[in-house]
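Peer 1: Position 164 of the sequence shown, counted from 1, bears residue number 164 in the UniProt record's numbering, the numbering being contiguous throughout.
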Amino acid sequence: MNRSEDVVQKLAYGISHDMGAQLRSIVQFSKLLEDHLDKQLDDKTRYWLQLVHQGGENAQAMVEAMLRYSRLNADMDTATHFSLNKLVKSVIDEHVCQWHRSPSHSLQIHCNVSTDLPDIYGLRDQWYLFFTCVLENALLYQPKAPTTHEPRIHIYSEKSADTRQITIEDNGIGVSESRMGELTRPFMRDQSGRDYPGIGMGLSYCDRIAQLHGGTLALHKSSLGGLAVTYAYQDDGEPNKLTEQLKDK
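#1: Please confirm whether A218 has its beta-carbon closer than 8 Å to some beta-carbon of chain B.
#2: For A232 and S102, I'd like the C-alpha separation in whole angstroms.
#3: If we call anything under 8 Å between Cβ atoms a contact, is I153 one with E136?
#4: Note down, in chain order, each residue of its chain lying with its Cβ closer than 8 Å to the Cβ of H81, except the 5 sequence neighbours on either side.
#5: Give the single residue among F29, R185 and P151 whose Cα lies nearest to the Cα of L49.
#6: Look up H149 in the DSSP assignment and say whether it is helix, strand or coil.
#7: Tell me which residue opens and which closes the beta strand (DSSP E) that Y121 is part of.
#8: For the pair the segment 153–162 and the segment 204–216, tell me if three or more CB-CB distances fall below 8 Å.
#9: Rank Q126, L51 and M201 by C-alpha distance to the C-alpha of D75 and give the top, closest one.
#10: If you draw a straight line from the C-alpha of V113 to the C-alpha of K159, how long is it?
#11: Return the CA-CA distance between A151 and S222, expressed in angstroms with no decimal places.
#12: Where are the beta strand (DSSP E) runs, 3 residues long or more, that stay fully inside the segment 146–211, in chain order?
#13: Would you give the residue range spanned by the alpha helix (DSSP H) that H53 belongs to?
#14: Is the beta carbon of P186 closer than 8 Å to that of Y13?
#15: How is the beta strand (DSSP E) around Y141 delimited, first residue to last?
#16: Rounding to the nearest angstrom, what Cα-Cα distance links Q165 and V88 in this structure?
#17: Is the separation between the beta-carbon of F131 and that of V91 shorter than 8 Å?
#18: In terms of DSSP beta bridges, what is Q98 paired with?
#19: List the residues that DSSP assigns as beta-bridge partners of S222.
#20: Excluding the 5 residues preceding and the 5 following Q60 in the sequence, name in chain order all residues of the same chain whose CB lies nearer than 8 Å to its CB.
#21: State the Cα-Cα distance for the pair D235 and L51, rounded to the nearest angstrom.
#22: Leaving aside the five residues before and after T243 along the sequence, list all residues of the same chain whose C-beta is less than 7 Å from its C-beta, in chain order.
#23: So, is D18 buried or exposed, given that buried needs 16 or more other C-beta atoms within 10 angstroms?
#24: What would DSSP say about L227, mapped onto helix, strand or coil?
#25: Between which residues of its own chain and Y141 is the CB-CB distance below 7 Å, once the five residues before and five after are set aside?
#26: Count the other CB atoms within 10 Å of the CB of L183; is the residue buried (16 or more) or exposed (fewer)?
#27: Helix, strand or coil for A232 per DSSP?
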């Protein structure tokens, strides 16, 4: 880890520790106050207290996300070669199970994953987070109507010249094209997703992971109608060369 990354991580830890304690107090005492004054509260005052409580919880989530973001670094000492197909399968299996446990999700998820995803060199935990964030977004940002709408996800790889691209497409609500370039910024959300839960960090994690592994992240309109997320990196057929490049980061 270089000096600037170390400074950022220490700053984020300090903020999360000190601010986290204050936010916990806000969350806990606003709830205690609401419970204690339960029968004395009119609807407007109860609503205000609930806003304080919810705002505190959101701020806690943002502080924790900032700390997690700062801890993403290029410590390639623990990097390995691994099968992307196996990793993607494990992520999909976990989230499909979670989806079907919810009583509000009775429809099928259609996942089409190419069998020729490449083996890659890098930090497996970070790539697990990468695909988890993209898949969670693909499942979350689905139309609320019609109720017969079924999520569809397509994951595939393409190679041209010395560049490899890995793309995840969905048939969700998509993103306005004017905002696509901004959505990898921390805590940035598109207006079309304001009615959905979240703090806007998933694509920020993905962009950071892409950079740490020597690649780039791009967002564009999916052929399925939703969002397509593409990770692109140099692939000249020399894995040892890539290994050394990443270790130098």
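Using N, Cα and C, we set each Cβ at its ideal position, and we do this for glycine too. In this text, all values refer to a predicted model and were calculated from it rather than measured experimentally.
Peer 2: In this structure, then:
#1: This model lacks chain B altogether, as it is built from one protein chain only.
#2: 34 Å
#3: no
#4: D119, I120, Y121 and P239
#5: F29
#6: coil
#7: D119 to G122
#8: no
#9: Q126
#10: 16 Å
#11: The residue you asked about is not Ala; residue 151 is Pro in the sequence shown. The straight-line gap from Cα to Cα measures roughly 13 Å.
#12: 152–160 and 163–170
#13: D43 to S70
#14: no
#15: Per DSSP, Y141 belongs to no beta strand (DSSP E) and is neither H nor E.
#16: 15 Å
#17: yes
#18: Per DSSP, none; premise fails for Q98.
#19: Partner(s): none; S222 has no beta bridge.
#20: G20, L23, R24 and V27
#21: 50 Å
#22: Note that T243 has pLDDT 49, beneath the 50 cutoff, so the model's placement of it is unreliable and the number below is only indicative. Only Y121 meet the Cβ criterion.
#23: exposed
#24: strand
#25: G172, I173, G193 and Y196
#26: buried
#27: strand
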